[in-house]
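88 is the number that the UniProt record's numbering gives to position 88 of the sequence shown; each next residue is one higher, with no gaps.
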Amino acid sequence: MKHPLLLILASIVLLSGCSSRQKVDLIVINAHVYTADSSFSEADAFVIKDGKFLAVGSIKTLTDQYYADSTVNLHDQPVYPGFYDPHSHFLGLGQVLDQADLVGAESYDEVIDRLKTFYQKHPNVLWLSGRGWDQNDWPDKTFPTKEKLDVAFPNVPVVLMRVDGHALLVNSKTLRLAKITAGSKLPGGEIIIKNGQPTGVLVDNAMQLVKRVIPQPDNTDKARMLQAAEKVCVSLGLTTISDAGISPAEINLIDSLHKAGKLKIRDYAMISLGEPNLNYFLKRGPFQTDRLTVRSFKLYADGALGSRGACLLRPYSDRPETGGFLLLSPGELERVTTILSGTGFQANTHCIGDSANHLMLDLYGKLLKGHNDRRWRIEHAQVVSPDDVHKFGQYSIIPSVQPTHATSDMYWAGERLGPIRVKGAYAFKDLMTQNKLIAFGSDFPVESVNPLFGFHAAVARQDAKNFPAGGYQMENAVDRKSALLAMTRWAAYACFEDQLRGSIAPGKQADFVVLDRDIMTVPNTQLRQTKVKQTWIGGERVY
């Protein structure tokens, strides 16, 4: 039996050892940590307290200084800051999960078959909705018409969103309910007509004629959709996402779900442009909570390249009778950006075509005047004239791009733009060079939610089939370090959140992701096969 005095002395030594170390909530050890901090340092351990990174460094140093009831040993698995998506449609993803999935359909007939399968499983829907069709992937690349929908679904209204969100295909039942005729018009949009009658395809602003008669989900439905979308996002390593254009009511719903603990993922919400929304938020002002940032308005200058709604400086190479169109007049775009320039709000403008980019870069420049910290953004910046690229740097404008757009569009972008103009499209490296940063998003559900698909598209310039061999327009490929920063710290900067998160550094919120392989070193062909092992938000494991 040990002497009581020895037991007392041992207890004193143990207690003094603990008292010399600080107690924390969690210690993560044996990790290969890419911090994405200002020096892009690496570490093998970090410490979390009260939802934030307290210290980052070596195992020995940190375990000498801290102790915790909970320790996670990652056995040399790679760790990165939680992935950001600075341009996505979070609520839109939730809504799509309730619809027929048409992504990847290789023909119009396959679209009809998928709709029939969906309708058999959901026979009580009042409106049959779907999203993801792309006529550019079909043998016949012309826009579809309503006849096949009318045969398959004569008595239920059908509304099918194109993959880019800038065109609808509807049946005759829907046209009647929306009272759309060959004479119907809406500025900034197009009703496709054939033989004097609507074909069922509505482009850009013309979609509003249908949207205004579709029954809208209530807050209970939207809450369910948001929670379903969150499950998808965190399973893919996303800890901060965005809502590129939602209403004040939807922003308030997200805020309430955060406060009730029903939604964990962080959201950078862009307010949909509109006079009521402007009035509401200009009075309220920007605000930021632990999980929600609201300090930007989403503007639309033009439409999409795939539906020929993008506004070009010269006509489309494959349809010379049109050069696309603006969704708002230059005067209205100038009026709105002028208002925003006098506030603390950010302007984030959707620009696809080189004409739309030219217009908005000059408007921004007129108001911003030179280098600044307003962080105004061009969303997509898809086709930019070589004469305009320097304006991103001249006026500190952030290009917010989606790398998977390049590898989705590469099959037909040359037909739309011609061999010379297409070289100014998806020019991520050229754009990044201007301000020494760029923000990478996905635009989901237009593209896949998976941020690693965007990483692969940016560095390899290839699609899921690793096509084309050698990559697409590789002069604008981005190195892996820059690609990781573009979906972490630089994305946070683009959202005014770089002081809160975006890197694994002391004082930042403890958002991080663990992968099954190291995306900084594995071959390009393995990048899309990478799986998320764990996702943490604020020091809490959410996946």
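C-beta atoms are modelled at their ideal positions from N, C-alpha and C, and glycine is treated no differently.
| Query | Result |
| --- | --- |
| Kindly provide the ranges of any beta strand (DSSP E) runs that are 3 or more residues long and lie completely inside the segment 139 to 180, ordered along the chain. | 158 to 162, 167 to 170 |
| Identify which residue in H75, R131, Y80 has its Cα closest to the Cα of V56. | Y80 |
| Near H405, which residues of its chain fall below 6 Å by C-beta distance, leaving aside the five closest residues on each side in sequence? | none |
| Give the straight-line distance between the Cα atoms of K185 and E147, rounded to the nearest whole angstrom. | 22 Å |
| Cα-Cα, which of L312, Y316, T338 is closest to L327? | L312 |
| Opposite H390 in the DSSP bridges: which residues? | Per DSSP, none; premise fails for H390. |
| So does the segment 519 to 535 actually touch the segment 117 to 124, counting three or more Cβ pairs closer than 8 Å? | no |
| If you reduce the DSSP assignment to three classes, tell me which class T525 lands in. | helix |
| Among all the DSSP beta bridges, which residues are the ones paired with I27? | V47, T71 |
| Let me know the secondary structure DSSP gives H32 once reduced to three states. | strand |
| Assign W536 to one of two classes, buried (16 or more other C-beta atoms within 10 Å of its C-beta) or exposed (fewer than that). | buried |
| How about the segment 63 to 82 and the segment 27 to 36: do they share at least three Cβ pairs that are nearer than 8 Å? | yes |
| For M520, I'd like the list of residues in its chain whose CB is within less than 6 Å of its CB, leaving aside the five on either flank, ordered along the chain. | R480 |
| Span of the beta strand (DSSP E) holding Q346? | 346 to 351 |
| I'd like to know whether the C-beta atoms of P403 and I378 end up nearer to each other than 7 Å. | no |
| Report the residue ranges of all beta strand (DSSP E) runs contained in full by the segment 378 to 425; include only those spanning at least 3 residues, in chain order. | 398 to 401 |
| With which residues is K52 paired in a DSSP beta bridge? | K49, Q509 |
| Leaving out the 5 sequence neighbours to the left and right, which residues in its chain are closer than 6 Å to Q434 when beta-carbon positions are compared? | F392, G393 |
| In this structure, how does DSSP classify Y119 when only helix, strand and coil are distinguished? | helix |
| Buried or exposed for Q197, please, with buried defined as at least 16 other CB atoms from any protein chain shown within 10 angstroms of its CB. | exposed |
| Tell me S235's beta-bridge partners as DSSP assigns them. | Answer by DSSP bridge pairing: none, since S235 is not bridged. |
| Using the C-alpha atoms, what's the distance from F440 back to Y543? | 23 Å |
| Which residue or residues does DSSP assign as beta-bridge partners of V79? | V33, V514 |
| Based on the DSSP secondary-structure assignment, which residues constitute the bridge partners of W133? | R162 |
| Within 10 Å of its beta-carbon, does N357 have 16 or more other beta-carbons around it, so buried, or fewer, so exposed? | buried |
| Taking all protein chains shown into account, do 16 or more other C-beta atoms lie within 10 angstroms of the C-beta of D44, making it buried, or fewer, making it exposed? | buried |
| Comparing C-alpha positions only, which one of N155, A301, D221 sits nearest to L91? | D221 |
| Could you tell me how far apart the beta carbons of G471 and R461 are, in whole angstroms, since I believe they sit closer than 8 Å? | 4 Å |
| Bridge partners of residue 557, per DSSP? | An answer regarding residue 557 cannot be provided, because it is not within the stretch 1 to 543 covered by the chain. |
| Could you spell out where the alpha helix (DSSP H) holding residue 551 opens and where it closes? | Absent from the model: residue 551. The displayed extent of the chain is 1 to 543, so no value can be given. |
| Going by alpha carbons, who is nearest to residue 567 out of L359, V459, I241? | Lying before the first or after the last residue shown, residue 567 is absent from the chain, which here runs from 1 to 543. |
| Measure how close the beta-carbons of S129 and D150 come, nearest whole angstrom, since I'm counting them as under 8 Å. | Not quite, the Cβ-Cβ distance comes to about 17 Å (not below 8 Å), so this is no contact. |
| With DSSP collapsed to three states, give me the class of T63. | helix |
| Since D354 sits in a beta bridge, which residues does DSSP pair it with? | DSSP lists no partner for D354. |
| State the beta-bridge partners of V294 as determined by DSSP. | A269, F287 |
| Where M225 and V103 are concerned, what is the direct C-alpha to C-alpha distance, given to the nearest angstrom? | 19 Å |
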